[in-house]
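Residue 27 in our numbering sits at position 27 of the sequence shown; the count goes up by one each step and never skips. Note that beta-carbon positions come from the ideal geometry of N, C-alpha and C, so glycine has one too. Quick caveat: nothing in here was measured; it's all calculated off a predicted structure. In what follows, a single structure is set out as structure tokens and then discussed.
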Amino acid sequence: MRTVPNSLHDEAATRLREQIFAGSLPPGSFLDEAALCERLAISRTPLREALKVLVAEGLLRHEPRRGCFVAEVTERDLDEIFPVIALLEGRAAHEATCRAGAADVAALQVLHLRLQLCADEGRITDYYGVNHAIHEAFITLANNRWLAQVIGDLRKILRLARLQQLHAPGRLQQSLAEHLAVFEALKRRDSDAAEAAMRTHLLHQREALRDVARHHHSRLNP
């Protein structure tokens with residue numbers, strides 16, 4: 001078989017992944033290979049390699065004799081994923097606390113001040129951005145490629161649901177308090193407390209999503 005240059009299918013996978021996360025390829029939608037080849041200006045071979053990558057990541061599902069569809073995240077999926085990612089990110093916080101130096105603490109201090117400002121001003125979109133940067137900082141500090149890989153894979157699945165847990169009543173300030181608790185534990189060099197606080201933070205996200213679902217029409221299946 002002819003080897004497909006990595007750049008072709010990797011680029012196609014990246015573009016399709018971005019479209020899925022942006023919502024232009026919504027959950028449940030069918031991926032027309034001919035139309036995608038034309039849109040991405042590639043042949044069928046690299047496109048199919050790209051689709052295999054996204055199926056392996058869980059972003060697409062492949063049905064024999066039908067083709068590929070954008071995966072749909074159910075409430076059951078969230079119930080199963082959040083306890084797992086809570087364990088993993090908790091472990092990342094534990095390892096980050098053990099490894100963090102003075103410069104790392106100073107950088108995290110800046111991020112947490114930004115997070116507090118966003119919360120105080122009610123800027124939820126900006127809060128999400130700083131929140132993501134803080135989680136990434138802990139994972140980077142943990143310096144554990146296996147943790148980073150598995151957390152990254154699970155986060156991709158969660159992004160499919162386009163979750164908005166900060167819209168739950170009181171959740172913004174609660175989330176801020178949880179982040180500060182993790183950071184305070186890190187500054188004390190208490191790795192066990194940092195791990196427990198991060199796990200609590202992730203599990204409270206799931207509870208907030210249930211609250212949002214009760215008050216608004218959920219986009220998720222049962």
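DSSP-derived helix/strand/coil call for residue 60
DSSP, reduced to helix, strand and coil, places residue 60 within a strand of the structure shown.
Check your understanding: If residue 203 sits next to residue 86, beta carbons under 8 Å apart, how far is it from one beta carbon to the other, in whole angstroms?
Key -> 5 Å
Query raised in the report: Taking the alpha carbon of residue 53 as the point to measure from, which residue in 23, 11, 94 has its own alpha carbon closest?
Result: It is 11.
- What does residue 70 pair with, by DSSP beta-bridge criteria? 60
Check your understanding: Does the Cβ-Cβ distance between residue 16 and residue 71 come in under 9 Å?
Key -> no
Problem - Of the listed residues 114, 115, 168, 140, nearest to residue 101 (C-alpha basis) - result: 140
Quiz item: Thinking C-alpha only, which one of 89, 47, 113 is nearest residue 196?
Solution: 89
### Query
What runs of the beta strand (DSSP E), each 3 residues or longer, lie entirely inside the region 9-66?
Fully contained in the region 9-66 are the following beta strand (DSSP E) runs of length 3 or more, in chain order: 60-63.
field: Closest residue to residue 34 among 119, 23, 46 (Cα-Cα distance)
entry: 46
**Reduced DSSP category for residue 164 - H, G, I as helix; E, B as strand; rest coil** = If DSSP states are grouped into helix, strand and coil, residue 164 belongs with coil.
Among 210, 146, 135, the one whose alpha carbon lies nearest that of residue 164: 210
Requested in this report: Could you spell out the range, first to last residue, of the alpha helix (DSSP H) harbouring residue 129?
Outcome: Run containing residue 129: 124-142, per the alpha helix (DSSP H) assignment.
Per-residue DSSP class, three states only, for residue 195:
helix
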